[in-house]
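Worksheet: the structure to be examined is printed underneath.
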Amino acid sequence: MAWALFDRDRLAHALGPWRALATIGAGALAFVLGWLWIIVLDTARTLRFTSASEALVYGPGLALFLASLLLWVWSIWQLFRDHVHGDHRLAAQRYRNRSAPRR
1 MAWALFDRDR LAHALGPWRA LATIGAGALA FVLGWLWIIV LDTARTLRFT SASEALVYGP
61 GLALFLASLL LWVWSIWQLF RDHVHGDHRL AAQRYRNRSA PRR
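Written out as structure tokens, the structure is:
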């Protein structure tokens, strides 16, 4: 299911010029997970429930923040290309032209 986010042709077929909304949502999820990671581990460290280092507390959270930033930049670029240049039409046509998987 998560790999469907990277199938740009399938998203163009399903969502049209709004296919970047899936990427925006994934970026928002990464941001929230990073924020929760930092809040929970920093609170646990402050209350002396764990002796985790600052690198363990802030490292993964900052990595998730960076991932969300990259996903948001990519989705803004994709929205621009879809609405101004109509790239979603070619991607949707590529998806329709794929051969059906054989069983």
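When the count follows UniProt numbering, it moves up by one through the sequence shown with no breaks and lands on 103 for the last residue.
We put the beta carbon where it would ideally sit given N, CA and C, even for glycine.
Taking residue i as the reference, which of the options has the closest Cα?
| i | options | result |
| --- | --- | --- |
| TRP37 | GLY25, LEU56 and ALA20 | LEU56 |
| GLY25 | VAL84, ILE76, PHE49 and ASP82 | ILE76 |
| GLY86 | TRP3, ASP7, TRP18 and LEU71 | TRP18 |
| LEU66 | PHE6, VAL32 and ASP7 | VAL32 |
Looking at residue i: is its Cβ nearer than 8 Å to the Cβ of residue j?
| i | j | result |
| --- | --- | --- |
| GLY61 | GLY27 | no |
| LEU41 | ALA52 | yes |
| GLN78 | ALA20 | yes |
With a CB to CB cut of under 7 Å and the five nearest residues on each side skipped, what residues in its chain are close to residue i?
| i | result |
| --- | --- |
| TRP74 | THR23 |
| ARG45 | ALA52 and VAL57 |
| ALA12 | ARG19, HIS88, ALA91, ALA92 and TYR95 |
From which residue to which residue does the alpha helix (DSSP H) around residue i run?
| i | result |
| --- | --- |
| ALA55 | 54–80 |
| PHE31 | 20–46 |
| ARG98 | No alpha helix (DSSP H) holds ARG98; DSSP gives it neither H nor E. |
| HIS13 | 8–15 |
Step through the CB atoms of chain D and report whether any lies within less than 8 Å of the CB of residue i.
| i | result |
| --- | --- |
| TRP3 | Any reference to chain D falls outside this structure, which holds one protein chain only. |
Evaluate residue i with the Cβ neighbour count: other Cβ atoms within 10 Å of its Cβ, from every protein chain shown; 16 or more gives buried, anything less gives exposed.
| i | result |
| --- | --- |
| LEU64 | buried |
| GLN93 | exposed |
| ALA47 | First, the amino acid is wrong: residue 47 is Leu here, not Ala. With fewer than 16 other Cβ atoms within 10 Å, it is exposed. |
Identify, in the order they occur along the chain, each residue of the same chain with its Cβ nearer than 6 Å to the Cβ of residue i, setting aside the five sequence neighbours on each side.
| i | result |
| --- | --- |
| ARG10 | TYR95 |
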